[in-house]
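Numbering (this note's numbering), first residue to last: 742 to 852.
What follows is the structure, given as structure tokens:
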């Protein structure tokens with residue numbers, strides 16, 4: 742049974758390596774919130790103040806991807822300026838994702 746455990750652990754580690762390779766285009770994770778004008782963490786970066794809960798911020802350029810590393814905060818993003826638009830999108834407190842559409846504004850919310 743010990744051999745099976747080692748085999749499964751090795752397979753799991755190999756899977757983790759494969760997942761890391763697919764995320765190779767992203768900048769390294771760093772504490773805080775970051776919005777990017779391009780997909781996969783490319784383009785201009787805007788650093789988000791995760792302590793500024795509830796305040797709406799309109800971006801100069803729409804965000805296409807996001808990274809959040811926080812234990813307690815996440816972002817709610819909106820397609821329109823001034824936190825408007827038909828459908829908002831929320832991150833988790835640990836997120837690295839391309840956004841489903843260009844997002845023009847955001848607010849920090851409790852995760």
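Idealized CB from N, CA, C, for every residue including glycine.
Does the beta-carbon of residue i have 16 or more other beta-carbons within 10 angstroms, so that it is buried, or is it exposed?
i: residue 842; result: exposed
i: residue 776; result: buried
i: residue 782; result: buried
i: residue 851; result: exposed
i: residue 831; result: exposed
i: residue 812; result: exposed
According to DSSP, simplified to helix, strand and coil, what is residue i?
i: residue 763; result: Per-residue confidence for residue 763 stands at a pLDDT of 39, beneath the threshold of 50, marking its modelled position as unreliable; no derived number is given.
i: residue 839; result: strand
i: residue 796; result: coil
i: residue 782; result: helix
i: residue 852; result: coil
What does DSSP give as the partner residues of residue i in its beta bridges?
i: residue 831; result: 817
i: residue 808; result: 775 and 837
i: residue 846; result: 799 and 819
So residue i and residue j are in contact, right, with Cβ under 8 Å, and what is the actual spacing, rounded?
i: residue 797; j: residue 846; result: 6 Å
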